[in-house]
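Engineer: Here's a structure for you.
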Amino acid sequence: MKPPPFAYHRPRGLQEALDVLGSLRDDAKVLAGGQSLVPLMSMRLSAPAHLVDVNHVPGLDTVEVDDDVVRVGALARHSQVEHHAAAYDAVPLLRQALRLVAHPTIRNRGTTVGSLVHADPAAEMPAVLCLLDGTVTLRDADGSRDVAAADFFVGPMESALRPGELAVHATFRRPPAGSGSAFVEVSRRQGDYAMCGVGAVVRRDGTARVALVSVGAGPVLVDLAAALDHESLDLDRVSELVDAAIDPEADIHASADYRRHLAHVLVRRALVEARHRAEGRAAA
Ligand SMILES: Cc1cc2nc3c(=O)[nH]c(=O)nc-3n(C[C@H](O)[C@H](O)[C@H](O)COP(=O)(O)OP(=O)(O)OC[C@H]3O[C@@H](n4cnc5c(N)ncnc54)[C@H](O)[C@@H]3O)c2cc1C
Numbered sequence: 018m019k020p021p022p023f024a025y026h027r028p029r030g031l032q033e034a035l036d037v038l039g040s041l042r043d044d045a046k047v048l049a050g051g052q053s054l055v056p057l058m059s060m061r062l063s064a065p066a067h068l069v070d071v072n073h074v075p076g077l078d079t080v081e082v083d084d085d086v087v088r089v090g091a092l093a094r095h096s097q098v099e100h101h102a103a104a105y106d107a108v109p110l111l112r113q114a115l116r117l118v119a120h121p122t123i124r125n126r127g128t129t130v131g132s133l134v135h136a137d138p139a140a141e142m143p144a145v146l147c148l149l150d151g152t153v154t155l156r157d158a159d160g161s162r163d164v165a166a167a168d169f170f171v172g173p174m175e176s177a178l179r180p181g182e183l184a185v186h187a188t189f190r191r192p193p194a195g196s197g198s199a200f201v202e203v204s205r206r207q208g209d210y211a212m213c214g215v216g217a218v219v220r221r222d223g224t225a226r227v228a229l230v231s232v233g234a235g236p237v238l239v240d241l242a243a244a245l246d247h248e249s250l251d252l253d254r255v256s257e258l259v260d261a262a263i264d265p266e267a268d269i270h271a272s273a274d275y276r277r278h279l280a281h282v283l284v285r286r287a288l289v290e291a292r293h294r295a296e297g298r299a300a301a
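The following block contains the structure:
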């Protein structure tokens, strides 16, 4: 199928993009990598009257690393972030998760910020943003605001982005020194969206957090501090905490019970991998 007709806008600067978005508001969608929006339009599940293609706006394709954070610009492609050496050194979880996002050809075009705004409950990067206490910076013609991950994912395919806003960058906080991380998942075929996925960050003192995908309306962040027992995790207690947090649904790929089973298995697997890395026993 072909998309319904739409007007195409190609702003050449950030202010022009914000002005166009501000004048069109609800009638417009930002076009970034197009890897989610274009298929939705072709299937006629989305029919914006205007597309604002931000691919020609300079200055949005950056990945910046400092002592505290990795900042990913709106046009940084998944593959650019995945292969960025300094970003990997600062936050290995970025690459650990990104290599599970779709296929290389899709990662070459799709953007990490676009994935956050799209807010698919099966997507990996929203879980990573939650685990790393990240923020998304949103701008409109009048100013900008930072939205914390905990407030950004409002529901399935729904973020805190308002009409007229552009997400200009996402900020991922470095985990504390000595932490280890991992992202593991099960999908029907390599590159498919996960039936369940789990990211984990384990600190040297044994405290840990996990974030799960495909088992709730958005990323499900679970703090496992209550499962800590003399510097190691009580895995039965971990399962109880995870069980209470998730709310998986059945679809054509998996039953709700199977997703719940996967959540338990993958949480344990992610915690083992992350802990090994925290102890310096495994390569990323
Ligand atoms: C076959 C296939 C498999 C995939 N598998 C996975 C997977 O396993 N895991 C995964 O996470 N993703 C997967 N994806 C999606 C992929 O990661 C997309 O690239 C990503 O979800 C959206 O990024 P994009 O840059 O392509 O955004 P687009 O498709 O351009 O936009 C998506 C939505 O976000 C909005 N948007 C994008 N950027 C901005 C911005 N800067 N400001 C405001 N609004 C914005 C758009 O208006 C639109 O509503 C898959 C895609 C395909 C086609």
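Mapped onto the working numbering, the consecutive letters of the sequence shown carry residue numbers 18 to 301.
Ideal Cβ positions, reconstructed from N, Cα and C, are used throughout, including at glycine.
Nothing here was measured: the structure is a model prediction, and the numbers come from that model.
Could you pull the start and end residues of the alpha helix (DSSP H) that Pro256 belongs to?
Structural biologist: Numbered from 1 along the sequence shown, position 239 holds the residue referred to as residue 256. The sequence given here has Ser at residue 256, not Pro. Note, Ser256: alpha helix (DSSP H), Leu252 to Ala262.
Engineer: Residue ranges of each beta strand (DSSP E) run of no fewer than 3 residues wholly in the segment 192–273, ordered along the chain?
Structural biologist: As far as the segment 192–273 is concerned, its whole beta strand (DSSP E) runs of at least 3 residues are 197–203, 213–219, 225–230 and 237–240.
Engineer: Expressed to the nearest angstrom, what Euclidean distance is found between the alpha-carbon atoms of Ala118 and Gly127?
Structural biologist: Position 101 of the sequence shown, counted from the start, is the residue given in the question as residue 118. Position 110 of the sequence shown, counted from the start, is the residue given in the question as residue 127. The residue you asked about is not Ala; residue 118 is Val in the sequence shown. In a straight line, the C-alpha of Val118 is about 10 Å away from that of Gly127.
Engineer: Do Gly195 and Arg221 have their C-beta atoms within less than 9 Å of each other?
Structural biologist: Taking the sequence shown and counting its residues from 1, one reaches residue 195 at position 178. Taking the sequence shown and counting its residues from 1, one reaches residue 221 at position 204. Taking 9 Å as the Cβ cut-off, Gly195 and Arg221 qualify as a contacting pair.
Engineer: Does at least one heavy atom of ligand 1 sit under 8 Å from the Cβ of Tyr210?
Structural biologist: For the purposes of this step, residue 210 is identified with residue 193 of the sequence shown, where counting begins at 1. Because some heavy atom of ligand 1 lies under 8 Å away, the Cβ of Tyr210 counts as near it: yes.
Engineer: Output the distance between the C-alpha atoms of Val164 and Leu115, rounded to the nearest integer angstrom.
Structural biologist: In the sequence shown, counting from the first residue as 1, residue 164 sits at position 147. In the sequence shown, counting from the first residue as 1, residue 115 sits at position 98. Each residue's Cα considered, the two are about 22 Å apart.
Engineer: Could you check how far apart the C-beta atoms of Thr154 and Val185 are, in whole angstroms? I think they sit under 8 Å.
Structural biologist: For the purposes of this step, residue 154 is identified with residue 137 of the sequence shown, where counting begins at 1. For the purposes of this step, residue 185 is identified with residue 168 of the sequence shown, where counting begins at 1. Yes, they are in contact, since the Cβ atoms of Thr154 and Val185 sit about 5 Å apart, within 8 Å.
Engineer: In the DSSP output, what is Leu188 paired with across the bridge?
Structural biologist: As a first step, residue 188 is located in the sequence shown; it is residue number 171 there, counting from the start. In the sequence as presented, Leu is not what sits at residue 188; that position holds Thr. Per DSSP, Arg88 and Thr152.
Engineer: Suppose the cutoff is 7 Å on Cβ atoms and the five residues either side in sequence are ignored; what does the same chain contact list for Asp36 look like?
Structural biologist: One-based indexing of the sequence shown puts residue 36 at position 19. Ala158, listed in sequence order.
Engineer: Quick one: give me the first and last residue of the beta strand (DSSP E) that Gly131 is part of.
Structural biologist: On the sequence shown, residue 131 is found 114 positions in, with the first residue counted as 1. Looking at the DSSP string, Gly131 is not in any beta strand (DSSP E); the run it does join, the alpha helix (DSSP H), is Thr129 to His135.
Engineer: Under the rule that 16 or more other beta-carbon atoms within 10 Å means buried, what is Pro121, buried or exposed?
Structural biologist: The residue given as residue 121 occupies position 104 in the sequence shown. Pro121 should be labelled exposed.
Engineer: Within 10 angstroms of the Cβ of His135, are there 16 or more other Cβ atoms? Answer buried if so, exposed if not.
Structural biologist: Your numbering for residue 135 matches position 118 in the sequence shown. Buried is the call here.
Engineer: For the alpha helix (DSSP H) holding Phe169, just list the boundary residues, first then last.
Structural biologist: Walking along the sequence shown from the start, residue 169 turns up at place 152. Where Phe169 is concerned, the enclosing alpha helix (DSSP H) stretches over Ala166 to Phe169.
Engineer: Cα-Cα, which of Ala66, Pro22 and Gln32 is closest to Gly160?
Structural biologist: Indexing the sequence shown from 1 puts residue 160 at position 143. Closest by alpha carbon: Gln32.
Engineer: Locate the alpha helix (DSSP H) running through Leu62, then write down its first and last residues.
Structural biologist: As a position in the sequence shown, residue 62 is number 45, starting the count at 1. Element bounds for Leu62: n/a, residue is neither H nor E.
Engineer: For a quick check, are the C-beta atoms of Val71 and Pro28 less than 9 Å apart?
Structural biologist: The residue given as residue 71 occupies position 54 in the sequence shown. The residue given as residue 28 occupies position 11 in the sequence shown. Yes, these two residues count as a Cβ contact at 9 Å.
Engineer: Please classify Met58 as buried or exposed, where buried requires at least 16 neighbouring CB atoms within 10 angstroms.
Structural biologist: Mapped onto the sequence shown, residue 58 falls at position 41. Buried, since its Cβ has 16 or more Cβ neighbours within 10 Å.
Engineer: Measuring alpha carbon to alpha carbon, tell me which residue in Val69, Arg88 and Val171 is nearest Ser78.
Structural biologist: Numbered from 1 along the sequence shown, position 61 holds the residue referred to as residue 78. Just to set this straight, residue 78 is Asp in the shown sequence, not Ser. The shortest C-alpha separation from Asp78 is found at Arg88.
Engineer: Check whether the segment 240–258 touches the segment 266–277, counting contact only when three or more Cβ pairs, one atom from each stretch, lie closer than 8 Å.
Structural biologist: The answer is no - the segment 266–277 does not touch the segment 240–258, with fewer than three Cβ pairs under 8 Å.
Engineer: Does the beta-carbon of Gln52 have 16 or more other beta-carbons within 10 angstroms, so that it is buried, or is it exposed?
Structural biologist: For this step, residue 52 is matched to residue 35 along the sequence shown. Buried, because 16 or more other Cβ atoms sit within 10 Å of the Cβ of Gln52.
Engineer: Say the cut is 8 Å; is the CB of Thr79 nearer than that to a heavy atom of ligand 1?
Structural biologist: Locating residue 79 in the sequence shown gives position 62, counting from the first residue. Flag unset: Cβ of Thr79 not near ligand 1.
Engineer: Are the CB atoms of Val219 and Leu288 nearer to each other than 9 Å?
Structural biologist: As a working mapping, residue 219 is identified with position 202 in the sequence shown. As a working mapping, residue 288 is identified with position 271 in the sequence shown. Closer than 9 Å, so yes.
Engineer: In angstroms with no decimal places, state the Cα-to-Cα distance between Ala225 and Ala139.
Structural biologist: Walking along the sequence shown from the start, residue 225 turns up at place 208. Walking along the sequence shown from the start, residue 139 turns up at place 122. Cα to Cα, the separation comes out at about 22 Å.
Engineer: Can you tell me where the alpha helix (DSSP H) with His95 in it begins and where it stops?
Structural biologist: Counting from one through the sequence shown, the residue named residue 95 turns up at place 78. Element bounds for His95: His95 to Glu99.
Engineer: Going by C-alpha to C-alpha distance, which of Asp246, Ala166 and Pro192 sits closest to Ala291?
Structural biologist: By 1-based counting over the sequence shown, the position of residue 291 is 274. The shortest Cα separation from Ala291 among Asp246, Ala166 and Pro192 belongs to Pro192.
Engineer: Tell me the DSSP bridge mates of Arg162?
Structural biologist: For this step, residue 162 is matched to residue 145 along the sequence shown. Answer is Leu155.
Engineer: Inspect the beta-carbon positions of Val215 and Ala234 and report whether they are closer than 9 Å.
Structural biologist: Along the sequence shown, one-based indexing puts residue 215 at 198. Along the sequence shown, one-based indexing puts residue 234 at 217. Contact flag unset, no.
Engineer: Following a CB-centred definition, is Gln113 positioned closer than 8 Å to any heavy atom of ligand 1?
Structural biologist: Against the sequence shown, residue 113 aligns to sequence position 96. No, since every heavy atom of ligand 1 falls outside the 8 Å radius drawn around the Cβ of Gln113.
Engineer: When DSSP labels each residue in this structure, what does His120 get in the three-state scheme?
Structural biologist: Residue numbering aside, residue 120 sits at position 103 when the sequence shown is read from its first letter. Coil, per DSSP.
Engineer: Among the residues of its own chain, which have a CB less than 7 Å from the CB of Thr129, if the five just before and after it don't count?
Structural biologist: Indexing the sequence shown from 1 puts residue 129 at position 112. The residues are Val89, Ala93, His95, Val98, Met142 and Ala187.
Engineer: Skipping 5 residues on each side, what residues in its chain have a beta carbon closer than 6 Å to that of Val43?
Structural biologist: Translated into the one-based positions of the sequence shown, residue 43 becomes position 26. Correcting the residue identity first, residue 43 is Asp in this sequence and not Val. Cβ within range, chain order: Pro180.
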